[in-house]
Amino acid sequence: MAAIAIFDSGIGGTTVYDAVRERAPWVDIVYVADHAFGPYGERSLDEVRARTEVLARYLASAGVEMIVIACNSASAAALQHLRASLRDVAFVGMEPAVKPAASITTTGVVGVMATGATFQGELFRSLVGKHAEGVEIVEQACPGLAAAIEHGDDVGPLLERYLAPIIEAEADVVVLGCTHYPLIRDAIEHRLPEGVEIIDPSTSVARRVLDVAHDAGIDLKGSASTRWWTTAPDEDRDDDHDWETIDIPESGKEAVRVCETTVVALAGDLTAMPVDAIVNAANVELVHGGGIALAISRAGGPTIDEESHRWTEMYGPLEPGVAALTSAGEMPSSYVIHVAGPIHTAGQDNEGLLAAAVFAALDMATEIEVKTIALPAISAGVYGYPPDEATLVIAESTAEFLDEQDTTLRSVRLVGFDDAMATRFAEAIASLTDEL
Ligand code: DGL
1223 MAAIAIFDSG IGGTTVYDAV RERAPWVDIV YVADHAFGPY GERSLDEVRA
1273 RTEVLARYLA SAGVEMIVIA CNSASAAALQ HLRASLRDVA FVGMEPAVKP
1323 AASITTTGVV GVMATGATFQ GELFRSLVGK HAEGVEIVEQ ACPGLAAAIE
1373 HGDDVGPLLE RYLAPIIEAE ADVVVLGCTH YPLIRDAIEH RLPEGVEIID
1423 PSTSVARRVL DVAHDAGIDL KGSASTRWWT TAPDEDRDDD HDWETIDIPE
1473 SGKEAVRVCE TTVVALAGDL TAMPVDAIVN AANVELVHGG GIALAISRAG
1523 GPTIDEESHR WTEMYGPLEP GVAALTSAGE MPSSYVIHVA GPIHTAGQDN
1573 EGLLAAAVFA ALDMATEIEV KTIALPAISA GVYGYPPDEA TLVIAESTAE
1623 FLDEQDTTLR SVRLVGFDDA MATRFAEAIA SLTDEL
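Each number in our numbering comes from the position in the sequence shown (counting from 1) with 1222 added on.
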């Protein structure tokens, strides 16, 4: 895995990426754009903090050693908290360059362009308190600007509006306090009076990345590779990057990366999931009479029962540790993989049996070369497995399988039919990441 992850709500962090790449051409980098949840700037600090934490945990589980939060908004919301909660990862964050700006202004007026979230954070207040005594700071929040840059829209009218107060106050230095803004530096420069200095912190952040890596003993020698990860696919995205989608739901439920595969918890209807395969919590006779099995047989149509019947006619009852395969009929997935979890019973190896069912499902998925799969809380309904324990066994055995086996799977969704069950899965996944 890449040593460094560079992360932003979208493409803004590429300004930092370019600067790091220039100084360390050999380093392996994973660039992460949270397109599904960005822009961050107009969200509350709490929302941005929660989301940034989910992504940072995900990146830590993927094995990166350093996370560069190339986003002022996310740094304002989460940096301090992340440093305290993920101690094995080195963090570098961003802050508006108030200090250098205050030291070079001759008019005594500095304009700062940033998102609303960045201005709300304590970090910004403390920067001004510490470094800008006697300097007038024109705080210019720029709602909509990062989004316009992200979509390649005309930024002219927004810039006219946001630069006016800065120009009027006669600022001679303008700080680009959002990593998206250097991407339109020319358009900004062009609208400012001659001689106004623009401060883009990308270069100094890149220097800091190398210093922190050095101090933390992180070896940056790699093969100069970059992976481009996004949380939301978009065919029309107009850049040269080869984006890989990582499956992190917008609701911010927990997600973990095990080798090349993402495991996420979410709530929803398994039968409606657009994945390659769904797993059925079946009974040994493959008679789909209740719970998830009934929902699957209803949503898929008669073929599910017909194929299941043919399967048991050929092979007999479904043994623990064996998976049966049918088509998915009218559901959006292509296959249903049926496994029979244990009926929770005192004196039997419930955990071993449930883990065997999970392994059987993931094994079958690998055999038929499936990339995305969704599993329910097997055995946690009428089979009486305590839900807290069942979800933990399912999450742990999934992680174990992914860690040990060579698999085609790239995304495993652990699906609770309601929020309470999804939360149990999320907690189970969080306990996996805590073991990091
Ligand atoms: N690029 C980000 C920043 O530096 C945030 C832009 C946004 O998502 O609103 O603040």
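Glycine included, every Cβ here is placed at the ideal spot set by N, Cα and C. This structure is a prediction, so every number in the text was calculated from the model and none was measured.
Would you kindly work out how many angstroms separate the C-alpha atoms of residue i and residue j, rounded to a whole number?
i	j	result
glycine 1420	lysine 1443	For the sequence presented, residue 1420 should be read as isoleucine rather than glycine. Computed Cα separation, rounded: 33 Å.
aspartate 1610	arginine 1646	6 Å
valine 1637	isoleucine 1616	11 Å
leucine 1281	phenylalanine 1229	10 Å
arginine 1301	methionine 1495	The question names arginine, but residue 1301 in the sequence shown is leucine. C-alpha separation (whole angstroms): 34 Å.
valine 1357	valine 1350	9 Å
alanine 1224	valine 1509	47 Å
proline 1423	arginine 1245	15 Å
leucine 1547	arginine 1271	42 Å
aspartate 1628	isoleucine 1500	20 Å
alanine 1278	glycine 1232	15 Å
asparagine 1505	isoleucine 1565	9 Å
glutamate 1264	tyrosine 1403	16 Å
leucine 1304	glutamate 1275	7 Å
proline 1455	threonine 1567	44 Å
cysteine 1364	threonine 1337	6 Å
leucine 1654	threonine 1613	12 Å
methionine 1316	isoleucine 1359	18 Å
methionine 1643	glutamate 1466	29 Å
With a Cβ-Cβ cutoff of 8 Å, do residue i and residue j count as a contact?
i	j	result
tyrosine 1262	alanine 1369	no
glycine 1543	glycine 1522	no
methionine 1218	leucine 1398	Absent from the structure is residue 1218, since the part of the chain shown begins at 1223 and ends at 1658.
tyrosine 1557	aspartate 1460	no
valine 1163	valine 1311	Shown here, the chain extends from 1223 to 1658; a query on residue 1163 therefore has no answer.
alanine 1545	alanine 1503	no
alanine 1298	leucine 1345	yes
aspartate 1464	tryptophan 1451	no
valine 1377	valine 1396	no
phenylalanine 1623	valine 1561	no
cysteine 1400	aspartate 1625	no
alanine 1438	isoleucine 1651	no
glycine 1563	isoleucine 1600	yes
glycine 1513	glycine 1603	yes
alanine 1428	valine 1242	yes
valine 1485	threonine 1620	yes
isoleucine 1226	isoleucine 1251	yes
aspartate 1469	serine 1633	yes
isoleucine 1559	methionine 1586	yes
glycine 1333	isoleucine 1388	yes
arginine 1407	serine 1283	no
alanine 1391	valine 1331	yes
alanine 1489	aspartate 1640	yes
In the DSSP assignment, find the alpha helix (DSSP H) that holds residue i and state where it starts and stops.
i	result
serine 1619	1609-1626
isoleucine 1514	1513-1522
glutamine 1342	1338-1342
glycine 1433	Before going on, a small fix: residue 1433 reads as aspartate here, not glycine. Start and end: 1424-1437.
asparagine 1505	Where asparagine 1505 is concerned, there is no enclosing alpha helix (DSSP H), given that its DSSP letter is neither H nor E.
isoleucine 1421	Run containing isoleucine 1421: none in the alpha helix (DSSP H); it sits in the beta strand (DSSP E), 1419-1421.
methionine 1643	1641-1656
methionine 1316	Per DSSP, methionine 1316 belongs to no alpha helix (DSSP H) and is neither H nor E.
alanine 1545	Per DSSP, alanine 1545 belongs to no alpha helix (DSSP H) and is neither H nor E.
methionine 1288	Element bounds for methionine 1288: not the alpha helix (DSSP H) but the beta strand (DSSP E), 1288-1291.
Would you call residue i buried or exposed, if buried means 16 or more other Cβ atoms sit within 10 Å of its Cβ?
i	result
tyrosine 1253	buried
lysine 1475	buried
arginine 1383	exposed
proline 1471	buried
glutamine 1570	exposed
serine 1325	exposed
proline 1318	buried
leucine 1540	buried
glutamate 1618	buried
methionine 1288	buried
histidine 1436	exposed
aspartate 1256	buried
alanine 1578	buried
proline 1247	exposed
serine 1295	buried
Where does the unbroken beta strand (DSSP E) through residue i begin, and where does it stop?
i	result
histidine 1560	1557-1561
arginine 1635	1633-1638
arginine 1449	1448-1452
threonine 1467	1465-1467
aspartate 1441	Unbroken run through aspartate 1441: none, as it is neither H nor E.
phenylalanine 1229	1226-1230
Are the C-beta of residue i and some C-beta of chain D separated by less than 8 Å?
i	result
alanine 1312	Of the protein chains in the structure, only one exists, and it is not chain D.
Report whether the distance from the Cβ of residue i to the nearest heavy atom of the ligand SAH is below 7 Å.
i	result
proline 1261	For the structure depicted, the ligand SAH is absent and the ligand set comprises only the ligand DGL.
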